[in-house]
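Worksheet: one structure, shown below.
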Amino acid sequence: MERLESAWDRCRTAFELFRPDGQLKDRLCAEAEIKAGLSELTGPEWRTLRTFLTDRRSLAFLDRMHQRLEAAEPREEWREVLAWRWWRRHGGSSNPGPSPLAAMAYALAMHLPLEDAEQAAYDRIAAILEDTVRASSAVECRNSVLRMQQSRHRRMTQPRLDLKRLYWNCHAFASGPRRKKCPYQALGLELPTYDFWTLLQYDPADLTQELSTTAIAA
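Using our numbering, the letters of the sequence shown map in sequence onto residues 527 to 744.
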């Protein structure tokens with residue numbers, strides 16, 4: 527089971543916008559991560575998930591992101607630095623790294639104010655990255671829900687599958703743009719709580735009634 531969880535985590539990271547060093551991720555990098563993860567998810571129960579993850583449209587948001595970023599800031603060096611600045615300000619690592627690009631980006635992010643033209647370029651890039659985060663969140667959360675639907679091991683009963691699905695979709699991401707949010711939250715599903723153990727204490731009828739009341743009030 528741990529091997530499968532590790533493989534799934536590898537696939538999931540493909541939908542993050544940045545590499546661990548703060549560089550923007552591209553299709554080739556994401557496809558390599560998916561390929562590595564899927565090498566362990568080989569059973570027939572993973573067929574639907576594999577089909578979805580290997581569909582080129584799953585990573586179309588990365589292609590659009592790079593096209594929009596190039597149009598917003600044609601200078602590659604500034605595009606990378608300003609994107610790094612955004613990443614650093616949205617939960618990226620505080621370690622500037624050894625490369626000159628990382629050192630320059632760290633100085634920009636932490637110390638130097640931007641001039642008007644630079645600030646305008648940063649604002650354009652930030653808007654694109656924020657839009658892309660929302661797009662990647664939708665894809666990743668769909669993957670998370672789909673993943674649990676595909677984990678139908680032969681000796682696992684339906685109630686146990688439902689329990690696993692609830693646990694993982696209430697499990698908050700530890701890093702990335704969806705840090706401290708679970709798949710249900712990112713999908714906009716309103717629950718009285720997203721704590722797995724607390725939800726288990728709810729009477730199903732009471733929970734259904736509470737959700738129905740919330741939906742009517744909205």
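Every residue, glycine too, gets a C-beta built ideally from N, C-alpha and C.
As the structure is a computational prediction, the values presented were derived from the model and not from experiment.
- The beta carbons of R576 and L567 sit about 6 Å from each other, so the pair counts as a contact at 8 Å.
- The residue from W694, K561, D547 and A653 with its alpha-carbon nearest to that of D721 is W694.
- When DSSP states are grouped into helix, strand and coil, F578 belongs to the helix group.
- In the three-state DSSP reduction, R704 falls in the coil class, being neither helix nor strand.
- Around the beta carbon of T724, a 10 Å sphere encloses fewer than 16 other beta carbons of the protein chains shown; the residue is thus reported as exposed.
- As a beta-bridge residue in DSSP terms, F544 pairs with L550.
- By the criterion of a C-beta distance shorter than 8 Å, L733 is surrounded in its chain by P718 and L725, once the five residues flanking it on both sides are discounted.
- Rounded to whole angstroms, the separation of the alpha carbons of W610 and G569 is 39 Å.
- Of T580, Q593 and E603, the smallest CA-CA separation from A556 is found for T580.
- For R529, the enclosing alpha helix (DSSP H) has its first and last residue at E528 to T539.
- Bridge partners of F699 according to DSSP: R705.
- Non-local beta-carbon contacts of V659 in its own chain, meaning distances under 7 Å to residues more than five positions away in sequence, involve L543 and P703 in chain order.
- Following the DSSP letters along the chain, one finds Q593 inside the alpha helix (DSSP H) bounded by residues A586 to A598.
- Considering only E641, H592 and C696, the residue with the shortest C-alpha distance to Y710 is C696.
- Under the criterion of beta carbons closer than 8 Å, R582 and L595 do not qualify as touching, at roughly 20 Å.
- For E716, there is no enclosing alpha helix (DSSP H), as DSSP gives it neither H nor E.
- For L608, the enclosing alpha helix (DSSP H) begins and ends at E602 to R615.
- The DSSP-derived three-state label of G569 is coil.
- Annotation for E559: R536, T539 and A540 place their beta carbon closer than 6 Å to its own, counting only its chain and skipping 5 residues before and after.
- In terms of Cβ geometry, W612 and L640 do not form a close pair [threshold 7 Å].
- Within its own chain, the residues whose Cβ lies closer than 7 Å to the Cβ of H616, once the five positions on either side in sequence are excluded, are P703, listed in chain order.
- Taking all protein chains shown into account, E599 has 16 or more neighbouring C-beta atoms within 10 Å of its C-beta and is therefore buried.
- Counted as a single uninterrupted DSSP element, the alpha helix (DSSP H) harbouring L725 occupies residues F722 to L726.
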